[in-house]
Amino acid sequence: MTAAGRLTRVPIDASALIAEVSAPAHGAIILFLGVVREVNDGRGVTGIEYSAYEAMAAAELQAIASEAATKFASSAVVIEHRVGELALEEASVGIAVAHAHRGEAYAVSRWTIEELKRRVPVWKREQYVDGTQEWVDPSGRPATGMSA
Amino acid sequence: MTAAGRLTRVPIDASALIAEVSAPAHGAIILFLGVVREVNDGRGVTGIEYSAYEAMAAAELQAIASEAATKFASSAVVIEHRVGELALEEASVGIAVAHAHRGEAYAVSRWTIEELKRRVPVWKREQYVDGTQEWVDPSGRPATGMSA
Amino acid sequence: MSINVLLFASYADALGAPSICVDIPADATVADVLAAIRLQPGAGLLPAKPLVAVNQKYARSTTSVKHGDEVALIPPVAGG
Amino acid sequence: MSINVLLFASYADALGAPSICVDIPADATVADVLAAIRLQPGAGLLPAKPLVAVNQKYARSTTSVKHGDEVALIPPVAGG
Numbered sequence: 003m004t005a006a007g008r009l010t011r012v013p014i015d016a017s018a019l020i021a022e023v024s025a026p027a028h029g030a031i032i033l034f035l036g037v038v039r040e041v042n043d044g045r046g047v048t049g050i051e052y053s054a055y056e057a058m059a060a061a062e063l064q065a066i067a068s069e070a071a072t073k074f075a076s077s078a079v080v081i082e083h084r085v086g087e088l089a090l091e092e093a094s095v096g097i098a099v100a101h102a103h104r105g106e107a108y109a110v111s112r113w114t115i116e117e118l119k120r121r122v123p124v125w126k127r128e129q130y131v132d133g134t135q136e137w138v139d140p141s142g143r144p145a146t147g148m149s150a
Numbered sequence: 003m004t005a006a007g008r009l010t011r012v013p014i015d016a017s018a019l020i021a022e023v024s025a026p027a028h029g030a031i032i033l034f035l036g037v038v039r040e041v042n043d044g045r046g047v048t049g050i051e052y053s054a055y056e057a058m059a060a061a062e063l064q065a066i067a068s069e070a071a072t073k074f075a076s077s078a079v080v081i082e083h084r085v086g087e088l089a090l091e092e093a094s095v096g097i098a099v100a101h102a103h104r105g106e107a108y109a110v111s112r113w114t115i116e117e118l119k120r121r122v123p124v125w126k127r128e129q130y131v132d133g134t135q136e137w138v139d140p141s142g143r144p145a146t147g148m149s150a
Numbered sequence: 431m432s433i434n435v436l437l438f439a440s441y442a443d444a445l446g447a448p449s450i451c452v453d454i455p456a457d458a459t460v461a462d463v464l465a466a467i468r469l470q471p472g473a474g475l476l477p478a479k480p481l482v483a484v485n486q487k488y489a490r491s492t493t494s495v496k497h498g499d500e501v502a503l504i505p506p507v508a509g510g
Numbered sequence: 431m432s433i434n435v436l437l438f439a440s441y442a443d444a445l446g447a448p449s450i451c452v453d454i455p456a457d458a459t460v461a462d463v464l465a466a467i468r469l470q471p472g473a474g475l476l477p478a479k480p481l482v483a484v485n486q487k488y489a490r491s492t493t494s495v496k497h498g499d500e501v502a503l504i505p506p507v508a509g510g
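Chains as they are written, first to last, in this note's numbering: chain F, 3 to 150; chain P, 3 to 150; chain C, 431 to 510; chain Y, 431 to 510.
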């Protein structure tokens with residue numbers, strides 16, 4: 003069964019991810035894309051730099067894909083997370099899942115993105131319209147009190 | 003706000019649907035594809051013919067997209083349903099949704115496919131490996147007792 | 431008056447045509463249309479209460495049907 | 431023994447480098463590594479209990495750290 007997770011430096015190709023999970027046994031395919039949006043916490047964003055502990059992030063992405071494909075039997079899961087400088091509307095993460103039935107496909111997709119956000123060592127530094135930039139801490143605490 | 007629903011006779015273009023809902027305000031995009039699979043209710047399927055009450059189906063698809071975009075404020079929704087002869091692994095329906103946040107995007111996507119299955123006048127005739135074909139009634143009752 | 435009723439999928443197969451013309455009273459309802467269809471050859475294969483759309487919207491048995499309305503029988507839908 | 435500790439994102443900014451070398455006892459644990467890092471300039475900007483990975487797996491403060499292990503401080507993750 004297809005289960006792959008990896009980092010990429012090039013734009014995420016939605017069609018390629020879909021093709022990778024497609025198989026005659028699957029009746030539903032779901033592609034999730036996380037994309038850079040123009041506002042976060044009320045501040046105007048012009049772009050985001052994603053960086054990662056690359057070896058560990060790649061291993062965690064692969065582990066999550068494998069766990070998802072096991073947890074939801076007979077599903078196919080491919081995860082790609084991009085690193086580098088991203089512009090507005092570019093995808094930072096793409097998750098393609100396929101399953102015989104749509105209920106399971108939605109469940110796999112949702113579980114995978116939540117797990118990714120919980121444990122994959124990737125960080126983002128947002129660039130704001132006022133020219134400043136800041137590492138984002140999703141927990142809501144300032145990452146270190148630093149604003150570079 | 004983007005809200006479109008339509009029938010198509012040509013293969014569904016996943017990338018085009020994604021591009022259609024993409025906008026700087028959205029942080030999450032979800033594409034759902036319903037695809038022809040090789041087995042249904044234990045019978046080997048070789049292909050499916052989709053037909054529709056075309057004018058009403060197009061109107062219902064547009065209505066569902068508009069309702070979804072209203073129900074889940076500030077979401078973008080594009081639905082395409084294909085009619086004609088489909089082979090295994092081809093998509094019969096594509097639903098692209100975008101929202102600022104992923105929780106809402108998943109909710110919109112799921113609501114839209116369930117609503118489509120409930121009310122859009124589209125029918126499918128499955129072709130089986132034994133050469134027979136049959137109209138499918140998802141309610142589980144034989145459609146008319148006929149098997150053509 | 432006579433009215434044309436659109437048929438699809440298994441219902442078109444059952445009645446052997448993509449539409450049939452039936453006679454109904456001038457102040458008719460969906461129930462009258464269904465009663466007229468029951469008289470057609472092959473109608474025995476239809477369920478007891480098939481869904482009906484009038485002017486491309488789902489209708490009730492009490493919905494009125496006027497001259498020029500677009501009436502359709504809707505088999506159990508199977509989209510997606 | 432001395433061990434190299436990988437730093438990322440805001441933590442690399444705080445300590446001014448993508449990695450630092452610290453001295454720890456031979457039978458050390460993650461807690462010893464953190465104590466040694468506390469002595470570094472800029473370490474005051476780190477949270478009280480930063481996450482640590484040993485050999486690319488999340489570790490506890492009691493996880494042992496041997497010569498040759500790959501140790502990293504993990505800022506709050508923000509992928510997706």
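Each residue gets a CB set at the ideal place from its N, CA and C atoms; glycine is no exception. Being a predicted model, the structure only gives us computed values, none of them experimental.
Are residue i and residue j close, meaning C-beta to C-beta below 8 Å?
i, j, result
"glycine 7 (chain F)", "alanine 67 (chain F)", "yes"
"serine 53 (chain F)", "phenylalanine 438 (chain Y)", "yes"
"arginine 104 (chain P)", "isoleucine 115 (chain F)", "yes"
"isoleucine 504 (chain C)", "alanine 483 (chain C)", "yes"
"phenylalanine 34 (chain P)", "isoleucine 32 (chain F)", "yes"
"histidine 83 (chain F)", "valine 124 (chain F)", "yes"
"proline 506 (chain C)", "serine 141 (chain P)", "yes"
"valine 501 (chain Y)", "isoleucine 433 (chain Y)", "yes"
"tyrosine 441 (chain C)", "proline 480 (chain C)", "yes"
"serine 491 (chain Y)", "valine 452 (chain Y)", "no"
"valine 80 (chain F)", "valine 12 (chain F)", "no"
"arginine 127 (chain F)", "isoleucine 14 (chain F)", "no"
"alanine 30 (chain P)", "glycine 96 (chain F)", "no"
"glycine 510 (chain C)", "lysine 119 (chain P)", "yes"
"glutamine 129 (chain F)", "valine 41 (chain F)", "no"
"alanine 102 (chain P)", "histidine 28 (chain P)", "yes"
"threonine 4 (chain P)", "alanine 78 (chain P)", "yes"
"threonine 467 (chain C)", "valine 495 (chain C)", "According to the sequence provided, residue 467 (chain C) is isoleucine. The question's threonine does not apply to it. The answer is no: Cβ separation not under 8 Å."
"arginine 121 (chain F)", "glutamate 62 (chain F)", "yes"
"leucine 476 (chain Y)", "alanine 444 (chain Y)", "yes"
"serine 17 (chain F)", "alanine 16 (chain P)", "yes"
Using the DSSP secondary-structure output, state which residues sit across from residue i in a beta bridge.
i, result
"tryptophan 113 (chain P)", "Partner(s): none; tryptophan 113 (chain P) has no beta bridge."
"histidine 101 (chain F)", "F:Ala30"
"glutamate 128 (chain P)", "P:Ile50, P:Glu136"
"asparagine 434 (chain C)", "C:Cys451"
"valine 484 (chain C)", "C:Lys487, C:Val501"
"glycine 96 (chain F)", "F:Leu35, F:Glu82"
"leucine 118 (chain P)", "Leucine 118 (chain P) pairs with nothing; no bridge assigned."
"alanine 508 (chain C)", "According to DSSP, alanine 508 (chain C) bridges with nothing at all."
"glutamate 87 (chain P)", "P:Glu51"
Taking only three categories from DSSP, how would you classify residue i?
i, result
"valine 80 (chain F)", "strand"
"serine 491 (chain Y)", "coil"
"leucine 476 (chain Y)", "coil"
"alanine 150 (chain F)", "Its pLDDT being 34, under 50, alanine 150 (chain F) is placed unreliably by the model, and the measurement read from it follows with that caveat. If DSSP states are grouped into helix, strand and coil, alanine 150 (chain F) belongs with coil."
"lysine 496 (chain Y)", "coil"
"serine 141 (chain F)", "coil"
Under 7 Å: does the beta carbon of residue i sit that close to some heavy atom of the ligand SAM?
i, result
"valine 85 (chain P)", "As far as ligands go, the structure on display features none, and thus does not contain the ligand SAM."
Starting from residue i, follow the alpha helix (DSSP H) in both directions and report where the run begins and ends.
i, result
"valine 460 (chain Y)", "460–468"
"aspartate 457 (chain Y)", "It is not in any alpha helix (DSSP H) - aspartate 457 (chain Y) carries neither H nor E in the DSSP assignment."
"leucine 445 (chain Y)", "439–445"
Only counting runs of 3 or more residues, tell me where the beta strand (DSSP E) segments fall wholly within the stretch 5–77 of chain P, in order along the chain. 5–10, 30–37, 45–54
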